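In UniProt numbering, the protein residues as written are 1 to 294.
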């Protein structure tokens, strides 16, 4: 990604930062970034702020992120270490539908022989991937449908997706602000303006976003604490709003043999149904606006 030099930094500021002692460099950068973030929050329509080509995290923020990742990784490793050994080779995360079919055949007997251990490993893997934004959770959702059926698979997927999204929410609360502003400044400004207009019916709007593919779930997880969406609203919207899409994915897992690609999951008909459900969720907001204008 090519990062253009920021127009909002003056030449004198750059020289000042370069000339500062090494032990105060991080503090100078932090002050400049805090001022920039304040301008970003106070004026959603202001000119797009751009960070310099440096990596957006400070040393301490990077250390905190690595620490959290290490804790999660250690826990996941301990769970895998205590699970009963499998009769086949090393398990790998599926990246295609064909990989998923092979994995399902290998895991079917294992999940039946060791249901508690398998579910613990499955849930831990799903939450780990969701927390650290690792692609592939859609294959985990398909696998849940293939192995456990619609009802149990749906409960597993919604639980794991909600837990992983909540974990990602708190991780972003810790270190996410500079990353989100660095990666999606325009999208974040749009999201912030929309949230500001819908504070009175925030749950309805968040439900709409979760049900429909208007904004990526990854962006919603990271940006929500930055635009001050309360956690209880985030949690409820995630828990309820992910049910329709999760149902579609889990049910598709029952017929993996007929599925050629994950793109086949969301055709025009499926997307139309999701948007219809999403619009139902924001009807209270639309009705309130209508009464205000009348």
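Where a beta carbon is used, it is the ideal one built from N, C-alpha and C, also for glycine. Model, not experiment: these values are computed from the prediction.
Is the separation between the beta-carbon of residue i and that of residue j shorter than 8 Å?
i           : j           : result
residue 270 : residue 248 : yes
residue 57  : residue 175 : yes
residue 157 : residue 97  : no
residue 223 : residue 188 : yes
residue 254 : residue 146 : yes
residue 114 : residue 84  : yes
residue 100 : residue 207 : no
residue 129 : residue 164 : yes
residue 281 : residue 204 : yes
residue 252 : residue 107 : no
residue 244 : residue 169 : no
residue 219 : residue 184 : yes
residue 192 : residue 150 : no
residue 242 : residue 210 : yes
residue 167 : residue 131 : yes
Report buried or exposed for residue i, applying the criterion of at least 16 other Cβ atoms within 10 angstroms of its Cβ.
i           : result
residue 78  : exposed
residue 180 : buried
residue 246 : buried
residue 154 : buried
residue 81  : exposed
residue 61  : buried
Kindly indicate which three-state DSSP category residue i falls into: helix, strand or coil?
i           : result
residue 227 : coil
residue 295 : Residue numbering for the chain in the displayed model covers 1 to 294; residue 295 lies beyond these limits and cannot be assessed.
residue 261 : coil
residue 266 : coil
residue 86  : coil
residue 282 : coil
residue 274 : helix
residue 199 : helix
residue 96  : coil
residue 58  : coil
residue 184 : coil
residue 255 : coil
residue 114 : coil
residue 178 : helix
residue 297 : What is shown of the chain runs 1 to 294, which leaves residue 297 out entirely.
residue 214 : coil
residue 171 : helix
residue 147 : helix
residue 236 : helix
Ignore the nearest five residues each way along the sequence and tell me which others in residue i's own chain have a CB closer than 7 Å to its CB.
i           : result
residue 232 : none
residue 333 : It is not possible to answer for residue 333, since the shown part of the chain is limited to 1 through 294.
residue 236 : 203
residue 144 : 153, 156, 157, 250, 253
residue 111 : 118, 147
residue 277 : 211, 244
Leaving out five residues before and five after residue i in sequence, what residues of the same chain have Cβ atoms less than 6 Å from its Cβ?
i           : result
residue 140 : 126
residue 25  : Residue confidence is low: residue 25 scores 45 on pLDDT, short of 50, so the model does not pin down where it sits. No coordinate-derived value is stated.
residue 123 : 160
residue 173 : 225
residue 196 : none
Might you give, ordered along the chain, the residues of its own chain that have their beta carbon closer than 8 Å to the beta carbon of residue i, omitting 5 neighbours on each side?
i          : result
residue 86 : 106, 110
residue 64 : 174, 175
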